[in-house]
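Asker:
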Amino acid sequence: LDRTPGERDGSYTQRIITLTTDFGTRGPFVGSMKGVILEINPRAQIIDIAHEIDPFDIPDAAFLISCAYSYFPVGTIHCIVVDPGVGGERRPIVAVTARYSFVAPDNGVLSYIYEQESIKQVIHLKEPAYFLTQISRTFHGRDIFAPAAAWLSRGIDPQRMGPGIDDYVRCNIPRPAVSGDGDRIQGCVIHIDIFGNLVTNIPFSLVEQHLHAGESGFTVTIKGIVINHLCKSYEDAEKGATGAIIGSHGHIELFANQDSLARREGIAKGEPLEVILG
Amino acid sequence: LDRTPGERDGSYTQRIITLTTDFGTRGPFVGSMKGVILEINPRAQIIDIAHEIDPFDIPDAAFLISCAYSYFPVGTIHCIVVDPGVGGERRPIVAVTARYSFVAPDNGVLSYIYEQESIKQVIHLKEPAYFLTQISRTFHGRDIFAPAAAWLSRGIDPQRMGPGIDDYVRCNIPRPAVSGDGDRIQGCVIHIDIFGNLVTNIPFSLVEQHLHAGESGFTVTIKGIVINHLCKSYEDAEKGATGAIIGSHGHIELFANQDSLARREGIAKGEPLEVILG
Amino acid sequence: LDRTPGERDGSYTQRIITLTTDFGTRGPFVGSMKGVILEINPRAQIIDIAHEIDPFDIPDAAFLISCAYSYFPVGTIHCIVVDPGVGGERRPIVAVTARYSFVAPDNGVLSYIYEQESIKQVIHLKEPAYFLTQISRTFHGRDIFAPAAAWLSRGIDPQRMGPGIDDYVRCNIPRPAVSGDGDRIQGCVIHIDIFGNLVTNIPFSLVEQHLHAGESGFTVTIKGIVINHLCKSYEDAEKGATGAIIGSHGHIELFANQDSLARREGIAKGEPLEVILG
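Protein chains in written order, with the working numbering: chain A, 519 to 796; chain B, 519 to 796; chain C, 519 to 796.
#1: Using beta carbons (cut-off 8 Å, strictly below), is residue 623 of chain C in contact with chain B?
#2: Between residue 738 of chain A and residue 791 of chain A, what straight-line distance do the alpha-carbon atoms span, to the nearest angstrom?
#3: Around the Cβ of residue 627 of chain B, are there at least 16 other Cβ atoms within 10 angstroms (buried) or fewer (exposed)?
#4: Whole angstroms is fine: what's the gap from residue 794 of chain B's alpha carbon to residue 704 of chain B's?
#5: Please tell me whether residue 750 of chain B has its Cβ less than 8 Å away from any Cβ of chain C.
#6: Under the three-state reduction of DSSP, which class applies to residue 586 of chain B: helix, strand or coil?
#7: Taking Cβ positions only, does residue 479 of chain C come closer than 8 Å to chain B?
#8: Assign residue 745 of chain A to one of three DSSP states: helix, strand, or coil.
#9: Per DSSP, what are the beta-bridge partners of residue 764 of chain B in this structure?
#10: Based on DSSP bridge pairs, tell me the residues matched to residue 697 of chain B.
#11: Quick one: is residue 573 of chain A near chain C, going by C-beta distance under 8 Å?
#12: Quick check: residue 597 of chain A and residue 550 of chain B, are their CB atoms within less than 8 Å of each other?
#13: If I measure Cβ to Cβ from residue 559 of chain C and keep anything under 6 Å in the same chain, skipping five residues before and after, which residues do I get?
#14: Using only alpha-carbon positions, find the residue among A:535, A:534, A:539, A:545 that is nearest to residue 714 of chain C.
#15: In the DSSP assignment, find the alpha helix (DSSP H) that holds residue 552 of chain C and state where it starts and stops.
#16: The alpha helix (DSSP H) that contains residue 631 of chain B, what's its start and end?
#17: Can you check whether the C-beta of residue 667 of chain B is within less than 8 Å of a C-beta belonging to chain C?
#18: Could you name the residues that DSSP lists as bridge partners for residue 736 of chain B?
#19: Determine the extent of the beta strand (DSSP E) in which residue 596 of chain A is found, giving its start and end residues.
#20: Count the C-beta pairs between the segment 721-736 of chain C and the segment 611-630 of chain A that are closer than 8 Å, then say yes if the count reaches three, no if not.
#21: By the criterion of Cβ-Cβ separation under 7 Å, what are the contact partners of residue 586 of chain A in chain D?
#22: Shorter than 8 Å from the beta carbon of residue 569 of chain C to some beta carbon of chain A?
#23: Any beta-carbon of chain A closer than 8 Å to the one on residue 776 of chain C?
#24: How about residue 602 of chain A: is its C-beta nearer than 8 Å to some C-beta of chain C?
#25: Kindly say whether residue 788 of chain A, judged by its beta-carbon, lies nearer than 8 Å to any beta-carbon of chain C.
#26: Using a Cβ-Cβ cut-off of 8 Å, state whether residue 589 of chain C counts as contacting chain A.
#27: Grouping DSSP H, G and I as helix and E and B as strand, with all else coil, what is residue 576 of chain B?
#28: Where residue 555 of chain A and residue 563 of chain A are concerned, what is the direct C-alpha to C-alpha distance, given to the nearest angstrom?
#29: Nearest to residue 693 of chain C by CA position, among C:641, C:633, C:658, is which residue?
#30: At the level of alpha carbons, what is the spacing between residue 525 of chain B and residue 642 of chain B?
#31: Using DSSP's beta-bridge definition, name the partner residues of residue 619 of chain A.
#32: Go to residue 725 of chain C, then tell me how far its alpha helix (DSSP H) extends in each direction, as first and last residue.
#33: Exposed or buried, what is residue 717 of chain A when buried is set at 16 or more other beta-carbons lying within 10 Å of its beta-carbon?
#34: Which term fits residue 607 of chain B, buried or exposed, when burial requires 16 or more other beta carbons within 10 angstroms of its beta carbon?
#35: Could you give the C-beta distance for residue 779 of chain C and residue 760 of chain C, rounded to a whole number, given that I count them as a contact under 8 Å?
#36: For residue 670 of chain B, decide whether its Cβ has a neighbour in chain C, counting only Cβ atoms nearer than 8 Å.
What follows is the structure, encoded as structure tokens:
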């Protein structure tokens, strides 16, 4: 087996590998993945993105990585393991884009990436030379994804890792709908952040597009609550009061200043909402 | 724009940047900050201090960083982002001390640092060349604090980042009060650790100062509980029994051996207590 | 004091130090340890394994590190601090094996390591030159374990750190019992993972040993629940249905597909179970 470059001359590249999982930090999962990576490439720079994604929550992981990946240097290898189908039929893949590589199960967790990045190839990881020798039934993060990411970080051509595929899985990303004369936009909550703010699937750019010249009316209704102020900062709302804001992802976000809007109003992911303009 | 040193010859310094936030590890916040830092200085050594500070809890973050910062090598850049006022009036700053730099919002989170370190200058971060190009309304950790810390790690003179200020914000740090003939000290709980131990604002040095020669009486009362044993270790108390001890920060700490005193007795931050000597 | 190698010529080795603690990520504990390590060896590569172990849960920490340690490169220094007896009689130790070093309190947290690794020496850490100057009563992670690990990472001979001992503490590891004609194996739950899966103390190798040729019957009973399917993947069970599987540690594991079996059935660590073969 030729695993060069790197192996022959020890000149492993110092590539960044990020980890995003639902493994938490009270078990051996994350640590084992890190060990596997460092065993293969001692110079890999391992960066924790997030490990407390809700168990099995593929859409949330998909959204999270879509928010974070592009801030990393070109060449970063993002390894995302939210993998309820581990050991089953779902394929392990690496998606190579113009700027990054994404190692993940083919379960839709890369859905936003497929839209946001220019995809060069998606490879079905099949070549066992780049896996651990023993593959467990329950932990491919350690046995397949971590070693594949580590070998990639050593400069292995992904094409040596398996065949290209083009039928990779995309989640059903909930899309906002525009109705009326463009003065109503229906959307939903796609992520609740640690502060209890509600991230919606409505990009502000869509709102802008439908704002008629001279109009400034902006109202959001969600679960009977009416929010009619698009704030410039959280503090624009009184302490505890609700507001809407353009979030750090460019989407409309709903919040209660210094409170958890999600908990206070019992709002969960998927909750529908409507933006009314004019 | 001249961003040297570093940029010209690629000789970025290998500086440590620590991160302390209330961003948790289930969203994209921490990962995005790390990406931004590595994009600017691929050789920065990013160290997570803590990300599970209670949301918006500036005093707790202030206490936490005051306990941890001084164990790091001189030259370390500490980036602290607990920032409920993001996007509003509060200023982003860097406080440069004789030994460290602290990048943070000017909301009091550096209050203990101002007392413990020799402050050389506090700079209002204003120069957009050291921020991301786009500044969001809700996430200056990514857009301002992380890039500023990364540029500092490349050796940029902080004075190039904005004007010096001297009206930076200090929290109201709760002080212990001594009464009687110095035989009573009133204080409060300022931090509850993960084990449920109660960290007080009473330094043991203050107790020592008021211990009369030959006296050894030491009693703490808190929420109707009386603790009259200053232990040499947690195990000095029976399993489940309460005790007082000199904590790792030098303050009086109250505990129940292998139990959570805070949860068991329903004690929260701010709870008053009294130490009675003699 | 001669702390060479490393000190003289600055050629500190670039060793990996892993951290496994019950310190959480909302206080200064983990950050302080990292600072201490980097102060002593700026080139140490610090890797977080897990910090959310249940407070004081020595057996769980012992199991966790036994699952993760061996995936790291030979030479890695594993630092494990779950230390309810801090400041008391328990000794700080370093266990040197053929492949790794383990720095920990001598409270049984290395029990599995003693079985799985070839032990070369166990040293009672006594030499204060390798501790911080001030030793607190409550936080030896920072004052003793982190500095000892950092000095080891600089190549210090552990024998210079204290005397060898051979009466180090081993936990009572719960063993499975085989009864009948080998067709019944009694065990218990030793770990509950973040997904609510139940990890048992029954290695699949023990099951294999007692499977008679031609027999395929396999039933597990636990708390009145009967599971009679040894799955090849979690998905082998319907969504929500229970199953048994060979876990990533090689032990029998019980699960409910995409649900938390532990929470749903109210099962805690220690719960007994029985495997019935044939």
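Note that the Cβ used here is the ideal one computed from N, Cα and C, for glycine as well.
Answerer: Quick answer:
#1: Walking along the third sequence from the start, residue 623 of chain C turns up at place 105. No, residue 623 of chain C lies away from the interface with chain B (no Cβ there is under 8 Å from its Cβ).
#2: Stepping through the first sequence from its first residue, residue 738 of chain A is reached at position 220. Stepping through the first sequence from its first residue, residue 791 of chain A is reached at position 273. Residue 738 of chain A and residue 791 of chain A have their alpha carbons spaced roughly 7 Å apart.
#3: Locating residue 627 of chain B in the second sequence gives position 109, counting from the first residue. Burial of residue 627 of chain B is indicated by the presence of at least 16 other C-beta atoms within 10 angstroms of its C-beta.
#4: Here residue 794 of chain B is taken as the residue at index 276 of the second sequence, counted from 1. Here residue 704 of chain B is taken as the residue at index 186 of the second sequence, counted from 1. Take the alpha-carbon of residue 794 of chain B and the one of residue 704 of chain B: they are about 9 Å apart.
#5: One-based indexing of the second sequence puts residue 750 of chain B at position 232. Closer than 8 Å to the CB of residue 750 of chain B there is at least one CB belonging to chain C.
#6: Looking up residue 586 of chain B in the second sequence gives position 68. Three-state DSSP puts residue 586 of chain B in a helix.
#7: Residue 479 of chain C is absent from the model: chain C starts at 519 and stops at 796.
#8: Against the first sequence, residue 745 of chain A aligns to sequence position 227. In the structure shown, residue 745 of chain A falls within a strand segment according to DSSP collapsed to helix, strand and coil.
#9: Locating residue 764 of chain B in the second sequence gives position 246, where the first residue counts as 1. Note: residue 764 of chain B sits in a beta bridge opposite B:770.
#10: What you label residue 697 of chain B is simply residue 179 of the second sequence in a count that begins at 1. According to DSSP, residue 697 of chain B bridges with B:702.
#11: In the first sequence, counting from the first residue as 1, residue 573 of chain A sits at position 55. Yes, residue 573 of chain A counts as interfacial toward chain C.
#12: As a first step, residue 597 of chain A is located in the first sequence; it is residue number 79 there, counting from the start. As a first step, residue 550 of chain B is located in the second sequence; it is residue number 32 there, counting from the start. Result no, Cβ atoms of residue 597 of chain A and residue 550 of chain B do not sit closer than 8 Å.
#13: Here residue 559 of chain C is taken as the residue at index 41 of the third sequence, counted from 1. 530, 668, 671, 672.
#14: On the third sequence, position 196 is the one that residue 714 of chain C refers to. Of A:535, A:534, A:539, A:545, the residue nearest in Cα terms is A:545.
#15: Indexing the third sequence from 1 puts residue 552 of chain C at position 34. Residue range 547-558 is occupied by the alpha helix (DSSP H) that includes residue 552 of chain C.
#16: For the purposes of this step, residue 631 of chain B is taken as the residue at position 113 of the second sequence. Residues 629-634.
#17: Stepping through the second sequence from its first residue, residue 667 of chain B is reached at position 149. Not one chain C Cβ lies under 8 Å of residue 667 of chain B.
#18: Your numbering for residue 736 of chain B matches position 218 in the second sequence. Residue 736 of chain B pairs with B:795.
#19: Translated into positions along the first sequence, residue 596 of chain A becomes position 78. Counting along the chain, residue 596 of chain A sits inside the beta strand (DSSP E) bounded by residues 595-599.
#20: Between the segment 721-736 of chain C and the segment 611-630 of chain A there are fewer than three C-beta pairs closer than 8 Å, too few to call the two in contact.
#21: In the structure shown, chain D does not exist; the protein chains are A, B and C.
#22: Translated into positions along the third sequence, residue 569 of chain C becomes position 51. Residue contact check for residue 569 of chain C against chain A: a CB pair falls below 8 Å.
#23: By 1-based counting over the third sequence, the position of residue 776 of chain C is 258. Output row for residue 776 of chain C: interface = yes.
#24: One-based indexing of the first sequence puts residue 602 of chain A at position 84. True, the Cβ-Cβ gap to chain C drops below 8 Å.
#25: Within the first sequence, residue 788 of chain A is the residue found at index 270, counting from 1. Chain C contact via Cβ: absent.
#26: Residue numbering aside, residue 589 of chain C sits at position 71 when the third sequence is read from its first letter. So yes, residue 589 of chain C belongs to the interface.
#27: Indexing the second sequence from 1 puts residue 576 of chain B at position 58. DSSP places residue 576 of chain B in helix when its eight states are reduced to three.
#28: For the purposes of this step, residue 555 of chain A is identified with residue 37 of the first sequence, where counting begins at 1. For the purposes of this step, residue 563 of chain A is identified with residue 45 of the first sequence, where counting begins at 1. Just so you know, the alpha carbons of residue 555 of chain A and residue 563 of chain A end up roughly 9 Å apart.
#29: As a first step, residue 693 of chain C must be located in the third sequence, where it is residue number 175. The shortest C-alpha separation from residue 693 of chain C is found at C:633.
#30: Your numbering for residue 525 of chain B matches position 7 in the second sequence. Your numbering for residue 642 of chain B matches position 124 in the second sequence. Note on residue 525 of chain B: pLDDT 44, under 50, position unreliable in the model; the coordinate value appears next. Looking at the two C-alpha atoms, the distance is approximately 24 Å.
#31: Position 101 of the first sequence holds residue 619 of chain A. Bridge partners of residue 619 of chain A: A:595, A:614.
#32: To locate residue 725 of chain C, count along the third sequence from 1; it is residue 207. For residue 725 of chain C, the enclosing alpha helix (DSSP H) begins and ends at 722-728.
#33: Taking the first sequence and counting its residues from 1, the one referred to as residue 717 of chain A is at position 199. Around the C-beta of residue 717 of chain A, 16 or more other C-beta atoms lie within 10 Å, and the residue is accordingly described as buried.
#34: Here residue 607 of chain B corresponds to residue number 89 of the second sequence, with the count starting at 1. Burial check for residue 607 of chain B: the Cβ neighbour count within 10 Å stays below 16, so the residue is exposed.
#35: The count along the third sequence starts at 1 and reaches residue 779 of chain C at position 261. The count along the third sequence starts at 1 and reaches residue 760 of chain C at position 242. Yes, they are in contact, since the Cβ atoms of residue 779 of chain C and residue 760 of chain C sit about 6 Å apart, within 8 Å.
#36: Locating residue 670 of chain B in the second sequence gives position 152, where the first residue counts as 1. Chain C places no beta carbon closer than 8 Å to that of residue 670 of chain B, leaving this residue out of the contacts.
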